[in-house]
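To keep things clear, I will list the structure first and then write my remarks on it.
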Amino acid sequence: LGILFTRNRHLNFPSLIPAAQRSDIFAWYVVVGTFGTSVGALLGGWLVSGLDSQGNNTLGSYQVVFWLYALIGCVKSGITFLLSSACELEKVEQKQSSETGNQEETETFIQQPQSSSSATASKPSSKFAFTNISPSSRKTLLKLAGLFSIDSLASGMASVSLTTYFLAEKFGSPPSSLGTITAVASLMSSIGNIAASSVSKRIGFIYTMVFTHLPSAIFLAMMPAPHSLGLTVFFIVARATLASMDQAPRSAFLSAVVQPSERTAVMGTLNTVKTAAQSAGPLLTGVLAQNKHFGVAFVIAGVMKAGYDLGLLHWFAESKMRGGSADEARDRARQQEDEEGQELR
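The end of the sequence shown is residue 345 by the numbering used here, with every number in the run present.
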């Protein structure tokens, strides 16, 4: 069920946020999320260690953490019911005037032929979301689906839980230490995301995604090499600091790369592909770990993530922008922010 909530959140954001502010909002969304993960990891690790020290068995200690997790989930569900109808996606009319279509195109990046857009608008809606996507957007979707499936599979092979288990197996780290390491990594990830929005406005979404994610992939591949816990933790924290800096630019890029009426189908399809690919990751890591090659899984995951970055750079670095180049789009965004700042002054 988690994928349904994630999908709805990501689909609602673009319709509620002006295009020039999306990267900022997505960045703070990731910052708050990773900070919460940091606090949860720290409290979870020390809670298990504290309960163990009082004579409780380890299984019971972990069960307490899961019950607390379920309780927090119920609280989140209750808060969701407090949302008003203003958070719903706006319904896009099938028949729009050419002037309205041109106005919507200024909010997206990839240039679509005017005739293709009009033809798509005049066709009756199909019950299959994929058939309602324009041909050029389908090509973009297929490329992104292939790249994201590789990245998600690698993420599944090197998830946080598998990383902490690897540390416990290799160095015998106690739960309190594992919780602290995970908390520090998540905290650094949160700090790194603060800069993601401003960087993407200067060098673009794709370059921000690649130039932050590629070094993190290298750190991931190097993680099994050290024989000391300290150096291994350094690679983990360095990877965490950079790894999620691509999340906000990626979300902003996805919300802008297709027509507003296609976002639901495109982002929903990509989320489904990513979830399916990531679910296979732990299975591959488990097979390698069973055959005494636990560390190899992280090397393979790092190489796969590097391949994802290079593919992203190859296919989308020079993407045609709606109404101009990437630099012109960023200039317009910065100009709008400057004008808003002057109005406030």
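Virtual Cβ for every residue (Gly too), placed ideally from N, Cα, C.
Asked                                                                                                              : Found
Opening and closing residue of the alpha helix (DSSP H) in which GLY302 lies                                       : 294 to 316
Three-state secondary structure (DSSP) of PHE81                                                                    : coil
Reduced DSSP category for HIS346 - H, G, I as helix; E, B as strand; rest coil                                     : Since the first residue of the chain shown is 1 and the last is 345, residue 346 is not available in this structure.
Run of the alpha helix (DSSP H) containing MET157, from where it starts to where it stops                          : 135 to 157
Residue span of the alpha helix (DSSP H) that contains VAL273, given as start and end                              : 263 to 290
Helix, strand or coil at ASN57 [DSSP, three-state]                                                                 : coil
Sequence-distant residues of the same chain with beta carbon closer than 6 Å to TYR308, five excluded per side     : LEU147, ILE150, ASP151
Close-in-space but distant-in-sequence residues of the same chain around THR164 (CB under 7 Å, 5 per side omitted) : LEU178, THR182
Burial state of LEU83 (16 or more Cβ within 10 Å)                                                                  : exposed
Where SER272 falls, given that 16 or more other Cβ within 10 Å makes a residue buried                              : The displayed chain sequence assigns Thr, not Ser, to residue 272. By the 10 Å Cβ count, THR272 comes out exposed.
Backbone CA spacing between ALA297 and PRO135 [nearest angstrom]                                                   : 37 Å
Check whether ALA306 and ILE218 have beta carbons under 8 Å apart                                                  : yes
Segment contact flag, the region 276 to 285 with the region 154 to 163, C-beta cutoff 8 Å, min 3 pairs             : yes
contact_flag[the region 238 to 254, the region 205 to 223] where n(CB pairs < 8 Å) is 3 or more                    : yes
Nearest residue (CA-CA) to GLU169, options MET209, HIS227, ILE300                                                  : HIS227
Cβ-based burial, GLU318 [other Cβ within 10 Å; buried from 16]                                                     : exposed
Nearest neighbour of LEU312, chosen from THR34, GLY172, THR208, LYS274 [CA to CA]                                  : THR208
Bounding residues of the alpha helix (DSSP H) (the contiguous stretch that carries MET188)                         : 175 to 194
Local conformation of GLY50 per DSSP, three classes                                                                : helix
Environment of LEU42 [buried if 16+ CB atoms lie within 10 Å]                                                      : buried
Neighbour-count burial assignment, GLY36, 16 or more Cβ in a 10 Å radius                                           : exposed
Buried/exposed call for GLY60, threshold 16 Cβ in 10 Å                                                             : exposed
Within 8 Å, strictly: CB atoms of PRO224 and SER49                                                                 : no
Host alpha helix (DSSP H) of GLY230 (start-end)                                                                    : 229 to 243
Reference LEU51; option with closest CA among ILE236, GLY192, SER176                                               : SER176
ALA225, DSSP secondary structure in three states                                                                   : coil
CB of ALA252 within 8 Å of CB of PHE316, strictly                                                                  : no
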